[in-house]
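This report refers to the structure that appears directly beneath it.
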Amino acid sequence: MMGKVPLSFYHNPDTLGLAERLLGKLLFTKTDNNQICAGIISETEAYLGAGDKASHAWNNRKTTRTQTMFLQGGVAYVYLCYGIHHLFNIVTHKDGIPHAILIRGVIPAIGKDIMQQRNGKTLPFHLNGPGKLTKALGIHTRHDRTALDGDTIWLEDRNINIPRENIIVGPRIGVDYAGVDAALPYRFRISDPLSFKNKLL
DNA sequence: CATTTGATGTTCT
DNA sequence: GAACATCAAATGC
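For the first sequence, our numbering gives the first residue as 3, with consecutive numbering after it.
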C-alpha cells in the first residue's frame with residue numbers, strides 16, 4: 003500500500019483507528035511557493051463530532067466554520083486558533099458525520115530547507131505542536147476544504163510502520179473545557195521519534 | 001527550573 | 001465582549 007492515500011481511506015467510520023494509522027504516513031504540501039515539503043506524522047488527535055464535547059461540531063453545531071467537518075471524509079479542515087495559529091485537521095467519515103483528526107506533530111522529511119525558511123531560524127528534528135507544523139509546511143486557513151487527493155495537500159504511505167508498543171495513547175491537549183470528554187484517550191503519538199531517525203527514508 | 005503573559009483574529013453569545 | 005483544539009518570550013522563584 004505505497005503511494006498517495008486514496009479518498010476512500012478517509013471514508014472509514016473508525017476515526018480512532020484512522021488517527022492511529024496516520025502515524026508514520028507522510029504529509030505532503032505544495033502551497034505558497036509551489037515547492038514540495040513533507041513530514042512524517044508523529045502525533046494525532048481524534049475528534050468524534052456530535053457526541054464529543056471537545057469537538058467544534060459537538061451536538062451537531064453547524065456554523066460557517068464547522069461546515070467543513072460535515073463534508074465527506076478526505077478534505078482538510080483548517081482553522082485559526084488564538085488569532086495566530088493555523089491548525090490542520092483531516093475530515094473523516096461519511097458526508098454529514100463531522101469527525102476530524104487534528105495533526106499535532108510531524109518529523110520534517112522532504113523540502114527541509116523550505117520548511118526552515120518558513121520557520122524563521124532553525125528547523126527542529128521533531129515539529130511538535132499543531133501550530134508549528136502548519137507554519138513550516140505552509141498550510142493556511144485558505145486551504146480549508148482542500149481535497150486530499152489533489153496536488154496541494156495530500157498524504158502518502160511509504161510503508162513506515164510504527165509498532166504498537168511505540169505508540170502512546172492518552173488524553174487530548176488543551177481541551178479542559180470539555181468536561182469528562184477531556185479525559186478520553188483520543189491522542190496518539192510515536193513514543194520516541196528520535197529512535198526512528200535512522201530508519202526513515 | 002516553573003509559571004505567567006502577550007500576541008492576534010475569528011467565531012459565537 | 002469573551003472565548004478559543006497555541007506558542008515563545010518574559011518573569012518569578
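In this text, a Cβ means the ideal position worked out from N, Cα and C, and glycines have one as well.
In the structure shown, A59 adopts coil according to DSSP, grouped into three states.
Of the candidates E158, D178, H145, H145 places its Cα closest to the Cα of D34.
Here L82 is actually not in contact with P110; their C-beta atoms are around 23 Å apart, not less than 8 Å. Residue nearest to I192 within the set P173, A185, R166 is R166 (criterion: CA-CA distance).
Across the set L73, L9, D194, V171, the C-alpha of D194 shows the shortest separation from the C-alpha of F127. Within the stretch 41-119, no run of alpha helix (DSSP H) reaches 4 residues while sitting entirely inside it. In this structure, I42 and I162 form a Cβ contact; the two beta carbons are roughly 6 Å apart against a cut-off of 8 Å. Distance from the CA atom of A52 to the CA atom of K96, rounded to whole angstroms, is 13 Å. Taking T31 as the centre and dropping the five residues before and after it, the same chain places the C-beta of I38, C39, A40, L139, G140, I141, T154, I155 closer than 8 Å to its C-beta, in chain order.
A straight-line Cα-Cα distance of about 10 Å links Q118 and K137.
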